[in-house]
Amino acid sequence: MDASHYTVTVARDLEDLIPVFMSNRRKELDTLRVALAAADFDQLRQLGHRMKGVGNSYGFSHVSTLGKHIEEDARSGDRAALESRIGEYAEYLAKVQIVFE
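Be aware that the sequence shown starts at -8, since it is given in the working numbering, and climbs by one per residue.
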């Protein structure tokens, strides 16, 4: 993933909401890992669907893109793809830089 994916520009009026948003994404990552370990593809699909919706709402389009892929991979039962996407999500959350406009 190139560095541009790690910079997110967020509207200034959302600044107070971002710490909770990011905390929820980290909890979501943990839930994804647990669901994958349990091979709970239905929960993975639901989580991916939720990510797809919430990411764009806050200006985090890459979260939405990953959510779309996680949802699709869970539907097809592709465990290897899910491992890769969840790993990418972990890396993204660790490196993302937020800029307020």
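We put the CB at the ideal spot given by N, CA and C, even for glycine.
To the nearest angstrom, how far is it from the Cα of Y(-3) to the Cα of G44? Taking the sequence shown and counting its residues from 1, one reaches residue -3 at position 6. Taking the sequence shown and counting its residues from 1, one reaches residue 44 at position 53. Y(-3) and G44 have their C-alpha atoms some 19 Å from each other.
Own chain residues within Cβ distance below 8 Å of Y49, not counting five before or after | As a position in the sequence shown, residue 49 is number 58, starting the count at 1. Only V1, L5, L8, I9 and F12 meet the Cβ criterion.
Self-check item: Span separating the alpha-carbon of V54 from that of L35
Solution: Translated into positions along the sequence shown, residue 54 becomes position 63. Translated into positions along the sequence shown, residue 35 becomes position 44. Their backbone Cα atoms lie some 14 Å apart in a straight line.
Need the endpoints of the beta strand (DSSP E) that V1 sits in, please. Sequence index remark: in the sequence shown, residue 1 carries index 10 (1-based). T(-2) to V1 is the extent of the beta strand (DSSP E) around V1.
* Indicate the three-state DSSP secondary structure (helix, strand or coil) for F51 in the structure shown. => Your numbering for residue 51 matches position 60 in the sequence shown. Coil at F51, not helix or strand.
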